[in-house]
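See below for the structure under consideration.
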Amino acid sequence: MSELAAVSEPTAVSNKPSAVDKQKVIVVGNGMVGHQFIDSLLHSDQRDLYQIITFSEEPRVAYDRMHLTDFFKTRSAEPLAMTTLEKYQNQGVSVHLDDKVVAIDPATKTVTSAKGQSLNYDKLVLATGSFPFVPPIEGNDRNNCFVYRTIEDLEMITAAAENGAKIGAVVGGGLLGLEAAKAIKDLGLEAHVVEFAPRLMAVQVDDGGGSLLKDKIKDLGVGVHLSKATSRIIAGEQCTHRMEFADGAHLETDLVIFSAGIRPQDELARQSGLSIGERGGIRVNNQCQTSDKNIYAIGECALWNGRVFGLVAPGYAMAKVAASHISGGEQYLSFEGADLSTKLKLMGVDVASIGDAQGITPGAKIYTYFNQPEEVYKKIVVSADNKLLLGAVLVGDAADYGTLLQYMLNEITLPEFPESLILPSSSGGQTGLGVAALPESAQICSCHDISKGDIRAAITAGCCSVGDIKGHTKAGTGCGGCIPLLTSLVNHELTELGVEVSKDLCEHFPYSRQELYHLVRVEKIKSFEVLLDKHGSGQGCEICKPAVGSILASCWNEYVLKDEHIGLQDTNDIYLGNMQKDGTYSVVPRIAGGEITPDKLIVLGEVAKEYGLYTKITGGQRVDLFGAQLHQLPPIWQRLVEAGFETGHAYGKSLRTVKSCVGSTWCRYGVDDSVGLAIELENRYKGLRAPHKIKFGVSGCTRECAEAQSKDIGVIATEHGWNLYICGNGGMKPRHGDLFATDLDKATLIQTIDRLLMFYIRTADRLQRTSVWMDNLEGGLDYLRQVILDDSLGLSGELEAEMNLNIDNYECEWAATLKDAQKLKRFGHFINAAGGDSNIVFVEEREQIRPAFEHEKTNLIAKAG
Amino acid sequence: MNWTTVCQLDEISPNTGVCALVNGQQVAIFRQAPSQTLYAIGNYDPAGKANVLSRGLLAQLGTVTSVASPLYKHHYCLTTGICQEDDSLSVPVYPVRLNDGRVEVAA
Chain A
26 MSELAAVSEP
36 TAVSNKPSAV
46 DKQKVIVVGN
56 GMVGHQFIDS
66 LLHSDQRDLY
76 QIITFSEEPR
86 VAYDRMHLTD
96 FFKTRSAEPL
106 AMTTLEKYQN
116 QGVSVHLDDK
126 VVAIDPATKT
136 VTSAKGQSLN
146 YDKLVLATGS
156 FPFVPPIEGN
166 DRNNCFVYRT
176 IEDLEMITAA
186 AENGAKIGAV
196 VGGGLLGLEA
206 AKAIKDLGLE
216 AHVVEFAPRL
226 MAVQVDDGGG
236 SLLKDKIKDL
246 GVGVHLSKAT
256 SRIIAGEQCT
266 HRMEFADGAH
276 LETDLVIFSA
286 GIRPQDELAR
296 QSGLSIGERG
306 GIRVNNQCQT
316 SDKNIYAIGE
326 CALWNGRVFG
336 LVAPGYAMAK
346 VAASHISGGE
356 QYLSFEGADL
366 STKLKLMGVD
376 VASIGDAQGI
386 TPGAKIYTYF
396 NQPEEVYKKI
406 VVSADNKLLL
416 GAVLVGDAAD
426 YGTLLQYMLN
436 EITLPEFPES
446 LILPSSSGGQ
456 TGLGVAALPE
466 SAQICSCHDI
476 SKGDIRAAIT
486 AGCCSVGDIK
496 GHTKAGTGCG
506 GCIPLLTSLV
516 NHELTELGVE
526 VSKDLCEHFP
536 YSRQELYHLV
546 RVEKIKSFEV
556 LLDKHGSGQG
566 CEICKPAVGS
576 ILASCWNEYV
586 LKDEHIGLQD
596 TNDIYLGNMQ
606 KDGTYSVVPR
616 IAGGEITPDK
626 LIVLGEVAKE
636 YGLYTKITGG
646 QRVDLFGAQL
656 HQLPPIWQRL
666 VEAGFETGHA
676 YGKSLRTVKS
686 CVGSTWCRYG
696 VDDSVGLAIE
706 LENRYKGLRA
716 PHKIKFGVSG
726 CTRECAEAQS
736 KDIGVIATEH
746 GWNLYICGNG
756 GMKPRHGDLF
766 ATDLDKATLI
776 QTIDRLLMFY
786 IRTADRLQRT
796 SVWMDNLEGG
806 LDYLRQVILD
816 DSLGLSGELE
826 AEMNLNIDNY
836 ECEWAATLKD
846 AQKLKRFGHF
856 INAAGGDSNI
866 VFVEEREQIR
876 PAFEHEKTNL
886 IAKAG
Chain B
23 MNWTTVCQLD
33 EISPNTGVCA
43 LVNGQQVAIF
53 RQAPSQTLYA
63 IGNYDPAGKA
73 NVLSRGLLAQ
83 LGTVTSVASP
93 LYKHHYCLTT
103 GICQEDDSLS
113 VPVYPVRLND
123 GRVEVAA
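Shown next as structure tokens:
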């Protein structure tokens, strides 16, 4: 699909200009900046005046290149997409993919594409971006030499890794080079970084920060080679290549990634006679117009005031400027340079750079704080009069970034002792600038240029969470670096407005779920009554009762229908079935790993037939039987338990299913026995009650047929063991699982999952899925790795013991219930009469039952009466 | 008043409800522990449109004791029958008493 026609406006019925009258705006390049331009123009009041056409030489519409490395985690381009063809189509944007504009004729205002299309324009916007600079050295075109720019590049790198490459080297120790090194490390290769300068991230950090950064990256197992000029690449002895350096040293590697800076993609503009800078870049004015007033250039291809900006925020700013100049009449914006401050996490190491990081401003003074044991380096550069912050470098701990950036951007007067901004609070330093002190104009989100004033306005308009603000203003949806600042601003504003952000579970317990869990564990509390008596008040409600019921079950795993627990159980648990909309239940026996014998399958069919149940295969590879009334549940389960089935806990906030592919037993591609492992995991964790339901997936190879990466716990077989993905989710808000650990043997895998699940159970909020838990976990994935894999809190023994207690106390709740005559009495619609509920009426559809709709029911009941 | 015996108190698990058929009406009866207070209301949830209220959770909101419907969690006050989320909805409330270990309802 290379072309998509625009949806044309219905000309006869509209006052809007017809397609013929519209001004044609052609955008060359559909990267992040080109997309931002289109988005800005579509949001302008004048949008109906323009017909937008865009060309891209890539096979897909705009995607988030800044998070390109995430592609390795998900192996899917989709999460990176910034828009879709359908969306563009609905917005009336014509998209030409896989087709490059090869010529511009400014005289006739025409562009010609590689596929031979010739189109007229009224305004032309060049957003052609940049290309990676590949040093002109011998051997740079050998096999397995790549650049790091597009999804296609990443696919080729992945393929090389899968074809046996064991060592990878990145030429260039800048920001992108380190990202690339992380990527090849994550692919399981030994990674090296080769840098010409004497330090990493030479532009952003100084010697002190660079040296700490180098140590940290080396600690992570990445080879760092500084002051090394690669002179040529030749055939290697142990590896595919040998990189030879000017100083006589060499490095053997199987693949090479060049990440030695970018060059503006200005070829098209050059051929068309536009003015080009001496060292490249399309010259633009403050409105982003090139030497031809009908042609604009934005993003990394543009040269403004002698500078090319290789970051997304200035590109976005240019896109908005160009869009406003085209559509805004007299009211247009102006591009006046950009702040290049940046904060990022490189292989788990926080690095930030603000303003004049090198301290080159005349008279500038420098304060540094270096803590070697903790591996933290902080430097601030202040003006000669000690009043203003000019720049900063942070390595190892970048928590102060937001505060320092605000000091610099808003020229806020520094405290009397500026060093207090970077000293740890224990030595008398202050923790920084409160959000209250920021002026209204303070820019909070630089990617989308959202100010404090914009956010306050959004809160006044009704936003009451960071999520709302993101949806409403786009703040925090670019690089995400401003989220901590955004969060504290939102909390501050809400508190100012008198909105209390309470973490209490409900009116009966002045504690969060996590605190209650802790109290139950530590004080060995075994019932709701005792907990309420000691730590709560009143009688309890439908919020705290099931939450405490779940905590008690997670801690002690007692039978949930015991007298002291039964009144805590929610709709489904209380009758060990899932209540449907008419008050009937579904019956879901466990089919571990989705493996079932024909005999058992026949039993399910027989039971369904005998009781007239609607039968459906679930997404979790088992069978759901619908339409059972309360009094039918015991005899149905009697049959199932006798046939060897157990409860499937489909009704519980607990382990649901472990989905598996068929694995190496049958599959030609299978690497390991996914079904066997799935069954073992399902049997291990069945009955484990948690803050919310938990789903697993186990795939036998990287083709991932079990969709494990969309599960709370996902396991994928590799040549060397099992890769563990965590906190994925399908459903309403899909989330790809994070790769947590690689190539685990089975014992380690199980030990890791034991710890993880118990830690989730300990710390999550009520009804919080693992995906949301992870998104809200302070410190995120790295913190979780420390706790679970490195045992940084010294908890692992406890967590494992708690899991073992759960496993030891497992019993099938249906088997237990069937043995208890007293409990079985509850399973009748009436306490004082036999029979069922006459209000439950079914009709037939596609040869099975379904609940009757209200209007059908009235007729059917009338007839029966 | 015409009292009907529906069950023994110990047939209702503490802090849960049961449904009884009394003169053709479905009545939801709740036993609140430890006070052993009994409540009786209609079993039909007018919001969820099904006979399910006896299977709901007892919930105290402020000073009001209510049942949260198992379907969509509408709260019905056990003494007035009024739905907290939508006061145009309500369920009937019936007299209920404990008589020598027997639960009796007048419906």
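Chains as they are written, first to last, in the numbering used here: chain A, 26 to 890; chain B, 23 to 129.
Idealized CB from N, CA, C, for every residue including glycine.
It should be emphasised that the depicted structure is a prediction, and the values quoted were computed from it without experimental measurement.
DSSP places A/M268 in the uninterrupted beta strand (DSSP E) bounded by 266-270. Rounded to the nearest whole angstrom, the CA to CA distance from B/N65 to A/Y835 is 35 Å. Where A/T183 is concerned, the enclosing alpha helix (DSSP H) starts and stops at 176-187. If you look at A/Q296, you'll find it in the alpha helix (DSSP H) that goes 292-296. For the segment 72-91 of chain B, the set of positions with a beta-carbon nearer than 8 Å to some beta-carbon of chain A reads A72, N73, V74, R77, G78, L79, L80, A81, Q82, L83, G84, T87, A90 in chain order.
Per DSSP, the unbroken beta strand (DSSP E) holding A/D375 starts and ends at 374-380.
Between A/I77 and A/L93 the beta-carbon gap is near 26 Å, outside 8 Å, which marks them as no contact.
Linking A/I832 to A/E82 through their CA atoms gives a straight-line distance of about 56 Å. B/G64 is bridged by DSSP to B/V49. Per the C-alpha coordinates, the member of A/P131, A/V648, A/K606, A/P440 positioned closest to A/E631 is A/V648.
Close to B/P36, with beta-carbon spacing below 7 Å, are these residues of chain A in chain order: D588, G592. The closest CA to that of A/A877, considering only B/G78, B/V86, B/A72, B/C105, is found on B/A72. Residue-level contact check: A/E881 does not touch chain B, since none of the beta carbons of chain B fall below 8 Å from its beta carbon. DSSP places A/C752 outside both helix and strand once states are collapsed to three, so it counts as coil. Here A/N55 is buried. Its C-beta has 16 or more other C-beta atoms within 10 Å. Excluding five sequence positions before and after A/K499, the CB atoms of its chain that fall closer than 6 Å to its own CB belong to H473, given in chain order. With its beta carbon at least 8 Å from every one in chain B, A/G677 lies outside the interface. Within the segment 25-50 of chain B, V28, C29, E33, S35, P36, N37, T38, V40, C41, A42, L43 place their CB atoms closer than 7 Å to a CB of chain A, listed in sequence order.
The straight-line gap separating the alpha-carbon atoms of A/V218 and A/V249 is approximately 5 Å.
Take the alpha-carbon of A/E262 and the one of A/N310: they are about 53 Å apart. Below the 7 Å Cβ cutoff, chain B contributes V28, C29, A42, L43 as neighbours of A/N857, in chain order. With 16 or more other Cβ atoms from the protein chains shown falling within 10 Å of its own Cβ, A/A789 counts as buried. Restricting attention to A/Y584, A/L365, A/L419, A/M181, the CA atom closest to the CA of A/N168 is found in A/M181. Interface with chain A (8 Å Cβ-Cβ cutoff): B/L93 is included. Under DSSP, A/D649 forms a beta bridge with A/K641. Inside the segment 58-139 of chain A, DSSP marks whole beta strand (DSSP E) runs of 3 or more residues at positions 75-80, 119-121, 126-130, 135-138, from first to last along the chain.
Residue burial is scored here from C-beta neighbours: A/A271 has fewer than 16 other C-beta atoms within 10 angstroms and is therefore classed as exposed. Spatial neighbours of A/N748 in its own chain (CB-CB distance under 6 Å, excluding positions within 5 residues in sequence) are listed in chain order as I741, T767. Ranked by how close their Cα comes to the Cα of A/T773, the residues A/L706, A/R90, A/P443, A/Q646 have A/L706 in first place. Cβ-Cβ distances below 8 Å link A/F158 to F283, A285, G286, I287, R288 in the same chain, with the five nearest sequence neighbours on each side left out; the list follows chain order. Straight across, the Cα-Cα distance linking B/V49 with A/K758 is about 41 Å. Scanning its chain for C-beta atoms nearer than 7 Å, with the 5 sequence neighbours on each side dropped, one finds around A/C569 the residues L530, C531, H533, F534, in chain order. For the pair A/V333 and A/F360, the Cα-to-Cα distance works out to about 13 Å. Boundaries for A/A840: no beta strand (DSSP E) harbours it, while the alpha helix (DSSP H) harbouring it runs 838-843, taken from the DSSP string.
A/H121 places its beta carbon less than 8 Å from that of A/F80.
Annotation: A/L885 to A/V866 spans about 8 Å, alpha carbon to alpha carbon.
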